[in-house]
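Chemist:
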Amino acid sequence: MSQKISRRDFLKITGVSSAALAALTGCGPASRFVVRKPYPDMPEYNQTGASTYFATGCRECPAGCGLIVRTQEGRAIKVEGNPDFPVNYGKVCSRGLTAVQGLYNPDRVQGPLKQASRGSSSFEKIDWETAIPIITSALLKNEPSGVAFLMGLAPDHLYDLVAEITQTLGSPPPLRYSALGMFEGRTTLLQAVNNIFHKDSLPFFDLANADYVLSFGANFLETWLSPVRYSRAYGSLRQGIPGRRGYLVSFEPRQSLTSANADEWIPIKPGSEGLVIAALTKLVAEIKGIEGASDHSELDVAQVANTADISLKKLQEIAHAFASADHPLAIPGGQLASHANGLAATQAILALNGMVENLGKKGGLFLIPSTSVASNFSEIQALVSRMSRGEIKALFIHGVNPVFDLPSALGFQEALKNVSLVISFASFPDETALQSDYILPDHTPLESWGYQHVLAGADRPTYSASQPVVVPLYDTHATADVLLTALKESGKVPYQDEVDFLQQKLLPLLQRGGGFYTAPEILTFWSKWLQYGGWWTPTEGLEKPNGSSTPPAPAANVAELQEGQFFFVTYPTLFGDGSGANRPWLQETPDPMTTVMWNSWVEIHPDTARKLGVKDDDVVKISSPAGEIEASVYLYPAIRPDTVAIPFGQGHTALGRWAEGRGCNPLQVLNVQFNEAGDLAFGDTIVSVTPTGRSRKLARFESREGVYGSQH
Amino acid sequence: MANTENTGKWGMVIDTDRCTGCMACVTACAMENNIPWTGEEEAGYGRGMHWIRVQRLWHGEYPEVKPEFTPTMCQQCGHAPCEPVCPVFATVHSEAEQINLQVYNRCVGTRYCGNNCPYTARTFNFFDHEFPTPMDFYLNPDVTVRRRGVMEKCTFCVQRIHKGQEKARAEGRPVKDGEIVPACAQACPADAIVFGDMSDSESQVSHIARSERRYQLLPELGTEPRVTYLKGGGYYGG
Amino acid sequence: MKNPKALWQRPVFRIGIAVVFLIILGGAAGGIYFTQLPPEQPIQFPHNVHVGLGAQCLYCHPGAVSGPVAGLPSQSKCWGCHQQIKKQSPELEKLAGFVSRREPIPWVPVAIQPDFVHFNHAPHIAAGLNCESCHGNLAAMTVAEPQKGQNMGWCLNCHQKMAPENFTRLSDCSICHY
Chain A
815 MSQKISRRDF
825 LKITGVSSAA
835 LAALTGCGPA
845 SRFVVRKPYP
855 DMPEYNQTGA
865 STYFATGCRE
875 CPAGCGLIVR
885 TQEGRAIKVE
895 GNPDFPVNYG
905 KVCSRGLTAV
915 QGLYNPDRVQ
925 GPLKQASRGS
935 SSFEKIDWET
945 AIPIITSALL
955 KNEPSGVAFL
965 MGLAPDHLYD
975 LVAEITQTLG
985 SPPPLRYSAL
995 GMFEGRTTLL
1005 QAVNNIFHKD
1015 SLPFFDLANA
1025 DYVLSFGANF
1035 LETWLSPVRY
1045 SRAYGSLRQG
1055 IPGRRGYLVS
1065 FEPRQSLTSA
1075 NADEWIPIKP
1085 GSEGLVIAAL
1095 TKLVAEIKGI
1105 EGASDHSELD
1115 VAQVANTADI
1125 SLKKLQEIAH
1135 AFASADHPLA
1145 IPGGQLASHA
1155 NGLAATQAIL
1165 ALNGMVENLG
1175 KKGGLFLIPS
1185 TSVASNFSEI
1195 QALVSRMSRG
1205 EIKALFIHGV
1215 NPVFDLPSAL
1225 GFQEALKNVS
1235 LVISFASFPD
1245 ETALQSDYIL
1255 PDHTPLESWG
1265 YQHVLAGADR
1275 PTYSASQPVV
1285 VPLYDTHATA
1295 DVLLTALKES
1305 GKVPYQDEVD
1315 FLQQKLLPLL
1325 QRGGGFYTAP
1335 EILTFWSKWL
1345 QYGGWWTPTE
1355 GLEKPNGSST
1365 PPAPAANVAE
1375 LQEGQFFFVT
1385 YPTLFGDGSG
1395 ANRPWLQETP
1405 DPMTTVMWNS
1415 WVEIHPDTAR
1425 KLGVKDDDVV
1435 KISSPAGEIE
1445 ASVYLYPAIR
1455 PDTVAIPFGQ
1465 GHTALGRWAE
1475 GRGCNPLQVL
1485 NVQFNEAGDL
1495 AFGDTIVSVT
1505 PTGRSRKLAR
1515 FESREGVYGS
1525 QH
Chain B
16 MANTENTGKW
26 GMVIDTDRCT
36 GCMACVTACA
46 MENNIPWTGE
56 EEAGYGRGMH
66 WIRVQRLWHG
76 EYPEVKPEFT
86 PTMCQQCGHA
96 PCEPVCPVFA
106 TVHSEAEQIN
116 LQVYNRCVGT
126 RYCGNNCPYT
136 ARTFNFFDHE
146 FPTPMDFYLN
156 PDVTVRRRGV
166 MEKCTFCVQR
176 IHKGQEKARA
186 EGRPVKDGEI
196 VPACAQACPA
206 DAIVFGDMSD
216 SESQVSHIAR
226 SERRYQLLPE
236 LGTEPRVTYL
246 KGGGYYGG
Chain C
2 MKNPKALWQR
12 PVFRIGIAVV
22 FLIILGGAAG
32 GIYFTQLPPE
42 QPIQFPHNVH
52 VGLGAQCLYC
62 HPGAVSGPVA
72 GLPSQSKCWG
82 CHQQIKKQSP
92 ELEKLAGFVS
102 RREPIPWVPV
112 AIQPDFVHFN
122 HAPHIAAGLN
132 CESCHGNLAA
142 MTVAEPQKGQ
152 NMGWCLNCHQ
162 KMAPENFTRL
172 SDCSICHY
């Protein structure tokens, strides 16, 4: 025996091994050592271990739903719907639910940044004391006409503030748009309502009480205007009234979720929508015996049916059912507005509603009693050309990501090079923020004050109130506060800060009364406003449209396809305007129709794919005069064989770890052409499809075994 | 206090005629129950952790093609195939709530239960999924964050059931109908999911479950699911 | 020369086995011993003094009566009294330091359950349990000390005894594990 273990060694070994064992078995001090840090001063709304609920407003899309956010120990845990709020009544969509993944996203911009040169991604941290004078001089030292604001459709309070500021400074009013607004044909719809009913507001379709509904490319179950409101109404359409089940017919070239839920999906030829509407109008007028539809008398209905790929019998059946229904309703949507004749077609739909006399009636068409503002795409094009001519000295961007969510053929990114100063207020390092000189991050919606005027989804005058549900996580500042501080010394704006601005804006509501609560002065009003998450009237308050005029019949707009050419459809998904792509749970939530996760795909009809010689997961190149993109094929049985479709939202080159380098951006192949309302006629884009010979598997949920084969 | 035995025999009714397939339930479930995301590759391997999925089945041929959406989660079988196969009693039947339980600390990851589930409602943690800070700030403190090697599944939001029962008991009253709602039913924009106490014949859920449109998934297996479906418009023939 | 004894019969081998066994045993004993030590706290809070002065448990841990977590007092609560009281101990100087820096006191919890156990104080208080039934006699402790054997058998034992008519519910796995 040569080895001896000394007593000292023995103790050492025992000590080490007992510590190791203790750590390994998980019962040692290492695993027990957790630290609890109570609040130095407990807020009165808080109780350790119990949740606190705050009412706030959703800003994930312009619909403006009301939320209740569950918080615990100062953290936002879960987004729930506000049960009293007259848009969503306690319900909430996937996008709203993942708002906490936006708030707690590790890729957020954590403080004001200065970029060394645009696109360099080399940032220098600055402080707000340095940042604010830059805004002051940009606003006051430049020619007023050289200052431009580009803003999203949410939040409204910031738009109102900026509108006031630009007016005071003599600058052009801020432009506001949203990719969702483009896809839903918002400005076209507004223009159509103005032309037919002479009002600047959006229509409200009483889907819940209708019994025969025609939808022309309105994807109201996913993204159109106020999806949660219309989804709720859809539930009532189906089973809301005992003994009656509403009937839904949807016309569009690619089956969207709304068409998937329709009783009949009619895949008409893209661009023929206007003709079909004209034919329906003529048929309905004949059935109802209405004179004065003379504009349509020339129309050959059989010819239209032939052009549009719909049987004449089917068209007549639909016209008959629509004309004889108790509560018929026709809804014009984004796919309809996306053609060169989109305005005429939308007007014709509104007039069709007038023809079946459902205006202002149960189950019919109403007008929202509030004025809507949205910029059309020709205004944005005008801004882009002013930018390229070097007329814009300072550009402020908030709530939109134009480098990503404008068609690249519009030339925004090139025009940006001629702007002397670009300031982005983005909370995330998105594509546009990376092309700007400064990123002065705004709070994310759950950390913000504000209001949103509900313009599409409520049957009464409604405002949603936003309040911070958690203390801002990082060194971000509310953009409204930043602008107010920047202009404080000049004395050009009469507000102390954002909350003061909001309270002054609420004064008219307080004085007007008629809400479901009243208050003697603003502070009481303010506390109720925050408690209930907004302000609305206790009774319905929709306007009955009148002054309906007969619009001209929509012109034919059907393109002839050459060999190898396809109609191109692009549509927004769970990612909304694309900003949802950096949320892992929106990426992991399967697309409803294809069940694809985490990527882009091209929907091609199986017969077409066979002709092209491609199968599932083969990568194809989609090219148009505007550009080209690549994506994997998804054999989609519910699309016209002469049409291909790509969802919008992926294809980010920035925006954080979960969004970057994933899929493709279909806006890169859209041609820039406008309809009569100045809205983008993206539906008229024609593309060609070429196989690349490569293949890239799509992660899809429809196979629980997975797509990589059973070996794995 | 009255005996509170057997107050809950929880059941769910899903009206597929109202369901639009919008996926709000899927996301709501993930946000409530601390379900991790797995990323593109793992999701492609079929290892996504969704406790609820919306099954989409195509019917017909173009142009009369139409999908049918069926939100599917653990059916909380009264006679559950997953229970007898677990060697460590990690998946057991709750006598009090009449649902199936997955006890994470007992689970050793044999995956027998997942293989024996006819509804493929169970998901397995092949990895320790990370919630990179500060993403972990939104985790629900009422729900365990599961670790690698553990099977998991829909719990009917049992944390909400307990919270609701606890509140009612503290106030000395029975649980009200509609007071306890799982995350999916709470979010569902079309009101397609209704949850409640099936042992109370007057509850909304029992009322709807008596509809002539009712059916259950794979009834021939005799699993006695606690989830009832109502047929959609186009599929009355079954 | 060949050793006639088989390997397992050699004394060296036997001693080796015994040593390994002892090390494992010692490790286990050490591990268990360490779990029973009160962890080091940032302030040596004297529970005995406070209880002796008649302070109610729920004054500082009010969450126990209404919610799952008893909660630790915020320092403003400590300071509410101690601002008025002479600082006669170095521990109070530490408290004053935390207060003046407005820094949360990093307490180390002692009665702690693993993540997969969801314990709720409120129903236990409502059922008439006293704090000391589970947490020991705090009147005799300075910093809180871990209590022995707070495991599942201990929970179930009580659940069975306290309310036998509710045993189905109280022995349900889901009552704690979800």
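Residue numbers (my numbering), protein chains in the order written: chain A, 815 to 1526; chain B, 16 to 253; chain C, 2 to 179. Glycine included, each C-beta is placed from N, C-alpha and C at the ideal position.
Output, in chain order, the set of chain C residues within a Cβ distance shorter than 7 Å of Glu239 of chain B.
Modeler: Those do not exist, as Glu239 of chain B stays about 19 Å from chain C at its closest Cβ, beyond 7 Å.
Chemist: So is Asn958 of chain A buried or exposed if we call it buried at 16+ other beta carbons inside 10 Å?
Modeler: Rather than Asn, the amino acid found at residue 958 of chain A in this sequence is Pro. Pro958 of chain A should be labelled exposed.
Chemist: Thr866 of chain A by DSSP, collapsed to three states: which one?
Modeler: Reduced to three states, the DSSP call for Thr866 of chain A is strand.
Chemist: DSSP three-state call for Trp73 of chain B: helix, strand or coil?
Modeler: Trp73 of chain B: strand per DSSP, three-state reduction.
Chemist: Which residues, in chain order, does the segment 861-881 of chain A contribute to contact with chain C at a C-beta distance below 8 Å?
Modeler: For the segment 861-881 of chain A, which is checked against every Cβ of chain C, the residues closer than 8 Å are Gln861, Thr862, Gly863 and Ala864.
Chemist: Helix, strand or coil for Ala836 of chain A per DSSP?
Modeler: Any reading at Ala836 of chain A must be qualified, since the residue scores a pLDDT of 43, below 50, and its modelled position is unreliable; the value itself is stated next. Helix.
Chemist: To the nearest angstrom, how far is it from the Cα of Met38 of chain B to the Cα of Pro1406 of chain A?
Modeler: For Met38 of chain B and Pro1406 of chain A, the distance between alpha carbons rounds to 7 Å.
Chemist: Inspect the beta-carbon positions of Val1528 of chain A and Ile1418 of chain A and report whether they are closer than 8 Å.
Modeler: Residue 1528 of chain A lies beyond the range of chain A shown here (815 to 1526); nothing can be said about it.
Chemist: Report yes if the C-beta distance between Asp1431 of chain A and Val1447 of chain A is below 8 Å; otherwise report no.
Modeler: It is a contact, given that the beta carbons lie within the stated cut-off.
Chemist: Under the assumption that Asp232 of chain B contacts Tyr134 of chain B (Cβ atoms under 8 Å), give the Cβ distance between them as a whole number of angstroms.
Modeler: As written in the sequence, residue 232 of chain B is Leu, which differs from the Asp given in the question. Indeed, because the Cβ distance is near 6 Å, the residues count as touching under 8 Å.
Chemist: Is there a C-beta anywhere in chain C that falls below 8 Å from the one on Ser848 of chain A?
Modeler: Note that residue 848 of chain A is Val in the sequence shown, not Ser. By this cut-off, Val848 of chain A is an interface position.
Chemist: Within 10 angstroms of the Cβ of His1291 of chain A, are there 16 or more other Cβ atoms? Answer buried if so, exposed if not.
Modeler: His1291 of chain A comes out buried.
Chemist: Tell whether a beta-carbon distance below 8 Å holds between Leu1556 of chain A and Ala1151 of chain A.
Modeler: Because chain A in this structure spans residues 815 to 1526, residue 1556 of chain A falls outside the shown range and cannot be described.
Chemist: Any idea if His1466 of chain A is buried or exposed, counting beta-carbon neighbours within 10 angstroms, 16 or more meaning buried?
Modeler: With 16 or more Cβ atoms within 10 Å of its Cβ, His1466 of chain A is classed as buried.
Chemist: Counting along the chain, where does the alpha helix (DSSP H) carrying Val52 of chain C start and finish?
Modeler: Unbroken alpha helix (DSSP H) run through Val52 of chain C: His48 to Gly53.
Chemist: Out of A:Glu894, A:Ala1370, A:Ile1453 and A:Phe1180, state which residue places its alpha-carbon closest to the alpha-carbon of Glu1357 of chain A.
Modeler: Nearest option by C-alpha distance: A:Phe1180.
Chemist: Can you give me the start and stop residues for the beta strand (DSSP E) that Val1433 of chain A sits inside?
Modeler: Run containing Val1433 of chain A: Asp1432 to Ser1438, per the beta strand (DSSP E) assignment.
Chemist: Counting only Cβ pairs nearer than 8 Å, list the residues of chain C close to Tyr244 of chain B.
Modeler: Within 8 Å Cβ-Cβ: nothing; Tyr244 of chain B doesn't reach chain C, min ~25 Å.
Chemist: Using only the alpha-carbon positions, how far apart do Ile16 of chain C and Pro5 of chain C sit?
Modeler: C-alpha separation (whole angstroms): 18 Å.
Chemist: Can you list, in chain order, the residues of its chain with a C-beta nearer than 7 Å to that of Ala1122 of chain A? Leave out the 5 residues immediately preceding and following it.
Modeler: Hits under 7 Å: Ile1082, Lys1083, Ser1086, Leu1089 and Val1090.
Chemist: Since His108 of chain B sits in a beta bridge, which residues does DSSP pair it with?
Modeler: DSSP output for His108 of chain B lists B:Asn115 as bridge partner(s).
Chemist: Compare the C-beta of Gln90 of chain B with all C-beta atoms of chain A and state if any pair is closer than 8 Å.
Modeler: For Gln90 of chain B, the answer is no, since every Cβ of chain A falls outside 8 Å of its Cβ.
Chemist: By how many angstroms is the C-alpha of Ile113 of chain C removed from the C-alpha of Arg188 of chain B?
Modeler: Looking at the two C-alpha atoms, the distance is approximately 31 Å.
Chemist: Please list the segments of the alpha helix (DSSP H) lying wholly inside the segment 1225-1259 of chain A, counting only runs of 4 or more residues, in order along the chain.
Modeler: List check, alpha helix (DSSP H) in window: 1226-1230.
Chemist: Within the same chain, show all residues whose beta-carbon is closer than 6 Å to that of Ser865 of chain A, passing over the 5 residues directly before and after it, in chain order.
Modeler: Cβ within range, chain order: Arg884 and Gln886.
Chemist: Could you round the C-beta distance between Thr968 of chain A and Arg873 of chain A to whole angstroms and report it? I think they count as a contact, below 8 Å.
Modeler: Looking at the sequence provided, one finds Ala at residue 968 of chain A rather than Thr. Sure, about 5 Å apart at Cβ, within 8 Å.
Chemist: I need the boundaries of the beta strand (DSSP E) containing Ile1211 of chain A, first residue and last residue.
Modeler: Element bounds for Ile1211 of chain A: Ala1208 to His1212.
Chemist: Quick check on DSSP: helix, strand or coil for Val961 of chain A?
Modeler: It is a strand residue.
Chemist: Spatial neighbours of Pro191 of chain C within its chain, please: CB distance less than 8 Å, with the 5 preceding and 5 following residues excluded, ordered by chain position.
Modeler: Shown here, chain C extends from 2 to 179; a query on residue 191 of chain C therefore has no answer.
Chemist: Between which two residues does the alpha helix (DSSP H) containing Trp1399 of chain A stretch?
Modeler: Segment Pro1398 to Glu1402, the alpha helix (DSSP H) holding Trp1399 of chain A.
Chemist: What does Glu133 of chain C touch in chain A if you count any residue whose Cβ is under 9 Å from its own?
Modeler: Those do not exist, as Glu133 of chain C stays about 21 Å from chain A at its closest Cβ, beyond 9 Å.
Chemist: Beta-carbon within less than 7 Å of Ala17 of chain B's beta-carbon, same chain only, minus the 5 sequence neighbours each way: which residues are those?
Modeler: Caution applies to Ala17 of chain B, whose pLDDT of 39 falls short of 50 and renders its modelled position unreliable; the value that the coordinates give is listed next. Contacts found: none.
Chemist: By the 8 Å beta-carbon criterion, what residues does the segment 154-167 of chain B contribute toward chain C?
Modeler: Within the segment 154-167 of chain B, the residues whose Cβ lies closer than 8 Å to some Cβ of chain C are Asp157, Val158, Thr159 and Val160, listed in chain order.
Chemist: Given that a residue counts as buried once 16 or more other Cβ atoms are within 10 Å of its Cβ, and exposed if not, what is Ile18 of chain C?
Modeler: It is exposed - the Cβ of Ile18 of chain C has fewer than 16 other Cβ atoms within 10 Å.
Chemist: Determine, for Lys81 of chain B, whether the minimum Cβ-Cβ distance to residues of chain A falls below 8 Å.
Modeler: Answer yes: the Cβ-Cβ gap between Lys81 of chain B and chain A drops below 8 Å somewhere.
Chemist: Pick out whichever of B:Thr85, B:Thr159 and B:His222 has its Cα sitting closest to the Cα of Val118 of chain B.
Modeler: Cα-wise, what sits closest to Val118 of chain B is B:Thr159.
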